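Residue numbers (this note's numbering), protein chains in the order written: chain A, 2 to 206; chain B, 2 to 206. Every residue gets a Cβ at the ideal spot worked out from N, C-alpha and C, and that includes glycine. On a predicted model such as this, the values are computed, not experimentally measured, just so you know.
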DNA sequence: TGGAAAACATGACGATCAGCATGTAAGTTC
DNA sequence: GAACTTACATGCTGATCGTCATGTTTTCCA
């Protein structure tokens, strides 16, 4: 119990750092950005305010780091669900499911909180933009890998349409919209996408 | 100059009330929900904290009232753009444009702030949901009125797909995504919708 | 093994928050 | 026009915010 586990300095640093970042994400998810205070964060992380001060000069820097932490986690989640999902994946349909599961999870909820907050916070915004763009490109790669061969331009269109649609649906889900309707809409969108895929295959302009 | 304009009590009440609600919306739009304080609001409205206290028992009630105020404004905006837009409106295309202009304005920005905040605030959420559902239905009516005759079920699908897509696009716009891409995506979506419209007309299942 | 440095804790600081108690001015009613 | 009510202003209160200054513990290195 009272046994002191020997940890190297780098280990300690990394450990409390990730604890802080995870706590930040948790905080964003279940109390929202407005009420995500430093105190609340380090209470969840089990450390003191001095710790967060030692690792990050200001709250804004913590948030910026949380953004990066979030995207790496999202990338990992994307990779794993990519390995699991497409067993008998039917190309476009599987890709859409992939995006939906990605954008409807708790991680994306945290991202949305940060996005909306970033709209009126230039500093946070500057931190988010490049990371988000990189995530977008990486996701596009993964998805096209699943979706089979479409004309690249068409594929990108479909991708971004799906991304924005799922983002809208995720927002609807956050506010407690009807889950059934969301399912229906997603199914309908899959049918449309497949239809378009056939179009692109049979009559590429 | 120093002439005191005689205002009836009801006029005074209504006037500062709408001033407060407008100021709240302004505040949400350009400083965000997290930094929308009572002080900031009544500073913008040109009244004192006592005034907001007299009209609303708590900040939550102010926000709830702001939600209702917002939706009535959105309805008016929708109605006017409905009168202006569809001069040579081509049915579905015009309807999509209508929705986009509706969901990409400042009013919808404020709504998004409240939505995201409402996710972790049950009180605010309870205030938003019914009003938002009513707005959705009203919008659906207006849109179908513009879109021409589609099978009602198809029309509703298209409507909700468009709504969620435009919401996602609006979120993208808020964070400073590429406006050109948004234009392209919207154009593409219009083409798809028209295609589906033809489908529904020629081969109604 | 002991001193330096890094990692973390504690407590206090001014600022700001939402809410309340009390005062004043404008309108209403008789 | 005087009592009364409504509409608003002013100033305070405890709580909480982010930040900082200063201790205490843990690891490192020689």
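Environment of residue i [buried if 16+ CB atoms lie within 10 Å]
{"i": "residue 80/B", "result": "exposed"}
{"i": "residue 109/B", "result": "buried"}
{"i": "residue 194/B", "result": "buried"}
{"i": "residue 107/A", "result": "exposed"}
{"i": "residue 138/A", "result": "exposed"}
{"i": "residue 169/B", "result": "buried"}
{"i": "residue 148/A", "result": "buried"}
{"i": "residue 177/A", "result": "exposed"}
{"i": "residue 8/B", "result": "exposed"}
{"i": "residue 15/B", "result": "exposed"}
{"i": "residue 128/B", "result": "buried"}
{"i": "residue 135/A", "result": "exposed"}
{"i": "residue 179/A", "result": "exposed"}
{"i": "residue 122/B", "result": "buried"}
{"i": "residue 113/A", "result": "buried"}
{"i": "residue 19/B", "result": "exposed"}
{"i": "residue 37/A", "result": "buried"}
{"i": "residue 58/A", "result": "exposed"}
Option nearest residue i by Cα separation, candidates the options
{"i": "residue 209/B", "options": "72/B, 22/B and 134/B", "result": "The structure shown does not extend to residue 209/B, since chain B spans only 2 to 206, so no value can be given for it."}
{"i": "residue 191/A", "options": "92/A, 37/A and 26/A", "result": "92/A"}
{"i": "residue 164/A", "options": "158/B, 183/B and 153/B", "result": "183/B"}
{"i": "residue 151/B", "options": "174/B, 96/B and 114/B", "result": "96/B"}
{"i": "residue 140/A", "options": "41/A, 75/A and 64/A", "result": "75/A"}
{"i": "residue 173/A", "options": "157/B, 133/B, 125/B and 39/B", "result": "133/B"}
{"i": "residue 27/B", "options": "101/B, 117/B and 64/B", "result": "64/B"}
{"i": "residue 34/A", "options": "70/B, 118/B and 198/B", "result": "118/B"}
{"i": "residue 157/B", "options": "186/A, 170/A, 155/A and 177/A", "result": "186/A"}
{"i": "residue 189/B", "options": "49/B, 31/B, 16/B and 98/B", "result": "98/B"}
{"i": "residue 167/A", "options": "16/A, 19/A, 103/A and 60/A", "result": "103/A"}
{"i": "residue 115/B", "options": "77/B, 70/B and 83/B", "result": "70/B"}
{"i": "residue 39/A", "options": "31/A, 128/A and 25/A", "result": "25/A"}
{"i": "residue 144/A", "options": "100/A, 198/A and 47/A", "result": "100/A"}
{"i": "residue 46/B", "options": "54/B, 135/B and 17/B", "result": "17/B"}
{"i": "residue 29/B", "options": "120/A, 130/A and 146/A", "result": "120/A"}
{"i": "residue 31/A", "options": "196/A, 175/A and 197/A", "result": "175/A"}
{"i": "residue 83/A", "options": "142/A, 181/A and 61/A", "result": "142/A"}
Residue i - DSSP class collapsed to helix/strand/coil
{"i": "residue 122/B", "result": "coil"}
{"i": "residue 151/B", "result": "coil"}
{"i": "residue 160/B", "result": "helix"}
{"i": "residue 115/B", "result": "helix"}
{"i": "residue 104/A", "result": "helix"}
{"i": "residue 213/B", "result": "For residue 213/B there is no data in the structure shown, the boundaries of chain B being 2 and 206."}
{"i": "residue 168/B", "result": "helix"}
{"i": "residue 34/B", "result": "coil"}
{"i": "residue 137/A", "result": "helix"}
{"i": "residue 84/A", "result": "helix"}
{"i": "residue 130/A", "result": "helix"}
{"i": "residue 9/B", "result": "coil"}
{"i": "residue 174/A", "result": "helix"}
{"i": "residue 179/A", "result": "coil"}
{"i": "residue 59/B", "result": "coil"}
Residue-chain proximity (residue i, chain B), Cβ-Cβ < 8 angstroms
{"i": "residue 181/A", "result": "no"}
{"i": "residue 64/A", "result": "no"}
{"i": "residue 26/A", "result": "no"}
{"i": "residue 47/A", "result": "no"}
{"i": "residue 176/A", "result": "yes"}
{"i": "residue 142/A", "result": "no"}
{"i": "residue 193/A", "result": "yes"}
{"i": "residue 106/A", "result": "no"}
{"i": "residue 98/A", "result": "no"}
{"i": "residue 172/A", "result": "yes"}
{"i": "residue 35/A", "result": "yes"}
Any C-beta of chain A under 8 angstroms from that of residue i
{"i": "residue 103/B", "result": "no"}
{"i": "residue 120/B", "result": "yes"}
{"i": "residue 198/B", "result": "no"}
{"i": "residue 111/B", "result": "no"}
{"i": "residue 39/B", "result": "no"}
{"i": "residue 85/B", "result": "no"}
{"i": "residue 51/B", "result": "no"}
{"i": "residue 166/B", "result": "yes"}
{"i": "residue 114/B", "result": "yes"}
{"i": "residue 69/B", "result": "no"}
{"i": "residue 23/B", "result": "no"}
{"i": "residue 77/B", "result": "no"}
Any non-hydrogen atom of the ligand SAM within 7 angstroms of residue i CB
{"i": "residue 29/B", "result": "Inclusion of the ligand SAM in the displayed structure is not the case, the ligand content being empty and no account of it being possible."}
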